[in-house]
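Residue numbers (the working numbering), protein chains in the order written: chain H, 4 to 344; chain W, 4 to 344.
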DNA sequence: CTGAAAGCGCTTACAG
DNA sequence: CTGAAAGCGCTTACAG
């Protein structure tokens with residue numbers, strides 16, 4: 004170590020000084036620090052990690068960066084990590100299990116301290132292998148069947164309940180629902196929340212008014228057209244959008260179709276996004292708290308717990324309570340007949 | 004090494020077999036591979052990197068993940084890296100030079116193979132320090148004064164020229180401009196492109212029709228209002244939006260204001276985004292080719308060039324030629340008087 | 001309070 | 001074709 008030579012001490016001492024070992028003499032520490040500064044010394048983390056068996060790198064594998072929930076998770080996560088000088092390795096997997104698998108293998112080769120996976124919902128075997136090696140893992144957004152890792156998900160069911168109740172409380176009785184396919188955790192749970200709440204209020208659900216499809220923008224147009232066909236005749240006065248991707252095309256489509264919001268139609272979305280506040284009118288939504296999800300995940304995989312035997316007696320499934328964000332796209336139901344008199 | 008023991012060879016041989024050294028006997032390689040498989044062996048990259056002085060990690064520091072250009076750069080970059088089993092460390096800096104500095108220091112401690120910075124435009128000293136240590140660097144989006152690194156930027160000037168020419172070719176003579184502050188490379192260059200092109204066509208620019216502001220969504224509303232005030236009296240028939248962030252609020256604002264696009268007003272944006280295709284009507288834009296920028300950047304910092312003495316005689320400044328993407332928000336100019344007859 | 005020595009898990013000349 | 005040995009740049013018992 005060059006620094007040691009310049010400071011005129013052994014490399015043990017130099018190392019200790021740099022690492023802030025309390026038993027080093029203040030004066031010699033000074034000398035070492037000065038030498039280090041002069042040489043513009045930067046310790047080699049690889050060597051340190053190899054020796055200490057501790058690494059300061061975290062990993063996150065995520066489906067995409069476009070969905071605002073996912074993006075906010077990544078941003079908050081990397082912010083928290085940065086605050087503690089931890090690094091984060093990113094992989095955008097597009098829901099591809101193979102990408103994810105590769106990432107997880109890499110995680111063990113690079114000895115990551117922890118990994119969070121918001122992805123395909125597969126690879127439980129690999130996920131378990133990580134835990135076995137002492138790498139803490141948490142899965143987000145989707146349940147991964149058979150994994151022993153903790154998981155953090157929005158409370159999809161509750162978010163749907165919340166939205167439906169909100170609409171009902173505003174006097175709406177005929178409510179339409181645009182959601183995601185039932186093969187997804189979120190698709191199933193939001194639909195159930197809607198059904199249960201309507202049922203509990205003795206409200207009827209017209210089957211022709213629920214439209215389920217892929218989580219893709221283009222489904223917004225498809226669903227929008229179907230919705231329009233039945234809207235008037237079914238006297239629908241409110242719409243729940245449980246398919247965020249679809250909302251990207253759905254909202255412009257509705258504006259284009261001259262549907263007046265909220266006068267003619269109230270709308271609420273089950274996932275929030277910045278642009279909802281920019282829309283005219285601003286769109287009410289359910290905030291599923293991506294930031295808090297990231298915080299929880301960070302806490303769980305924090306390296307301070309590194310090496311701590313993580314005796315998982317069972318995967319804990321955290322569900323964050325959603326929050327209703329009222330903006331201007333939901334109005335109270337005006338009975339058309341009364342309006343006529 | 005456990006694998007060596009199981010396979011009954013020395014660890015030298017095991018290592019060579021795993022690393023695909025050609026002079027290992029096929030049969031012994033088989034044995035080693037089998038043992039490795041059985042033990043579920045994963046090599047420790049840290050140790051390998053320490054020895055070989057080669058690392059498979061790249062870094063990217065970026066202002067934010069919301070801007071679609073930046074997001075696409077990150078996505079493409081990580082995709083390319085993933086294809087070659089390279090890892091990417093991400094830092095979202097929010098344009099904060101200190102964050103960036105910390106990231107750069109970390110880059111040398113972690114011995115990253117290469118780093119790309121699309122950020123504050125500062126930290127030239129640290130950037131140069133990286134190059135001095137053999138870490139290849141490239142700066143993107145903004146020029147960083149005094150850095151010896153290569154830089155890759157959209158050709159802001161040309162994108163503005165392209166848009167203006169397009170509008171002029173459609174018969175527009177009164178054109179308004181909403182852009183970014185002149186303190187930014189992009190703000191200056193887009194404005195100049197607009198001026199030069201108008202001037203070259205002997206077209207007059209009404210100073211009350213150019214609005215410059217911060218790259219923030221809220222400026223969209225501000226600029227939109229100012230624009231509306233002058234639009235009719237100045238007989239403006241087309242608008243160039245050179246401030247992408249502002250467009251988020253500007254476009255909804257214009258729709259809300261019942262401006263009919265493109266009949267009353269033609270619009271073209273100098274930065275593309277997915278949602279422009281979902282808008283009604285789809286918004287014409289200039290594609291500044293974020294994907295190609297990422298590809299170029301990746302090529303430059305590729306570890307295959309690691310260790311190669313990077314004799315930089317001067318920072319090369321790459322500018323990618325922008326592409327006009329015609330959609331439906333630009334129409335040809337209809338002379339109002341003629342329409343009346 | 002400081003130093004000499006061992007060792008983290010690999011790779012790679014150097015012999016054979 | 002294979003093995004013994006050295007060494008990458010650190011940290012950390014163990015002595016002193």
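We treat Cβ as the ideally placed atom computed from N, Cα and C, and that holds for glycine.
Note that the coordinates shown come from a computational prediction; the quantities given were computed from them, not determined experimentally.
Asked	Found
Are residue 211 of chain H and residue 286 of chain H close, meaning C-beta to C-beta below 8 Å?	no
Give the interface partners of residue 258 of chain H over in chain W, defined as CB-CB distance under 8 Å, in chain order.	258 and 283
Considering only residues of the same chain and omitting the five flanking positions on each side of residue 121 of chain W, which have a CB-CB separation below 8 Å?	63, 64, 65, 66, 73, 76, 142, 143, 144 and 145
Given a cut-off of 8 Å on the beta-carbon distance, is the pair residue 133 of chain H and residue 111 of chain H in contact?	yes
Taking only beta-carbon atoms, is residue 137 of chain H less than 8 Å away from chain W?	no
Compare the C-beta of residue 123 of chain W against all C-beta atoms of chain H and say whether one is closer than 8 Å.	no
How big is the Cα-Cα spacing for residue 128 of chain H and residue 327 of chain H?	37 Å
Just the C-alpha distance for residue 334 of chain W and residue 266 of chain W, rounded to the nearest angstrom, thanks.	7 Å
Compute the distance between the beta-carbons of residue 139 of chain W and residue 303 of chain W, then report whether it is under 8 Å.	yes
Give me the Cα-Cα distance between residue 300 of chain W and residue 119 of chain W, rounded to the nearest whole angstrom.	7 Å
Answer with yes or no whether the minimum CB distance from residue 85 of chain H to chain W is below 8 Å.	yes
Enumerate in chain order the residues of its own chain whose CB-to-CB distance from residue 46 of chain H is below 7 Å, with the five nearest sequence positions on each side excluded.	21
How would you write the range of the beta strand (DSSP E) that residue 55 of chain W sits in, first residue to last?	Taken as a continuous stretch (DSSP letters only), residue 55 of chain W belongs to no beta strand (DSSP E), being part of the alpha helix (DSSP H) at 48-55.
Does any C-beta atom of chain W lie closer than 8 Å to the C-beta of residue 52 of chain H?	yes
Output the boundary residues of the alpha helix (DSSP H) element that contains residue 303 of chain W.	293-304
Quick check on DSSP: helix, strand or coil for residue 320 of chain W?	strand
Sorted by chain position, which residues of the same chain lie with C-beta nearer than 8 Å to residue 96 of chain W's C-beta, five sequence neighbours on each side aside?	64, 65, 66, 102, 103, 106, 122 and 123
Measuring straight from C-alpha to C-alpha, what distance separates residue 229 of chain W and residue 278 of chain W?	24 Å
Excluding five sequence neighbours on each side, which residues of the same chain lie with their C-beta closer than 7 Å to the C-beta of residue 208 of chain H?	198 and 201
Closer than 8 Å between beta carbons: that is the criterion. Which residues of the region 107-131 of chain W meet it against chain H?	108, 109, 111, 112, 113 and 114
For residue 291 of chain W, go through chain H and note every residue whose CB falls closer than 9 Å to its CB, in chain order.	None at all; the shortest Cβ gap to chain H is about 18 Å.
Taking buried to mean at least 16 other C-beta atoms within 10 Å of its own C-beta, is residue 244 of chain H buried or exposed?	buried
What separation, rounded to the nearest whole angstrom, lies between the Cα atoms of residue 349 of chain W and residue 261 of chain H?	What is shown of chain W runs 4 to 344, which leaves residue 349 of chain W out entirely.
So with Cβ pairs under 8 Å, would you call residue 220 of chain H a contact of chain W?	yes
Can you list the beta strand (DSSP E) stretches of 3 or more residues lying completely in the region 131-194 of chain H, in chain order?	139-143, 153-157 and 178-183
Could you check if residue 12 of chain H is buried or exposed, using at least 16 other CB atoms within 10 Å of its CB as the buried criterion?	buried
Helix, strand or coil for residue 328 of chain H, going by three-state DSSP, please let me know.	strand
Could you list which residues in chain H have their beta carbon closer than 9 Å to that of residue 93 of chain W, in chain order?	63, 77, 81, 90, 91, 92 and 93
Evaluate residue 163 of chain H with the Cβ neighbour count: other Cβ atoms within 10 Å of its Cβ, from every protein chain shown; 16 or more gives buried, anything less gives exposed.	buried
On the criterion of 16 or more Cβ atoms from any shown chain inside 10 Å, does residue 48 of chain W qualify as buried, or is it exposed?	buried
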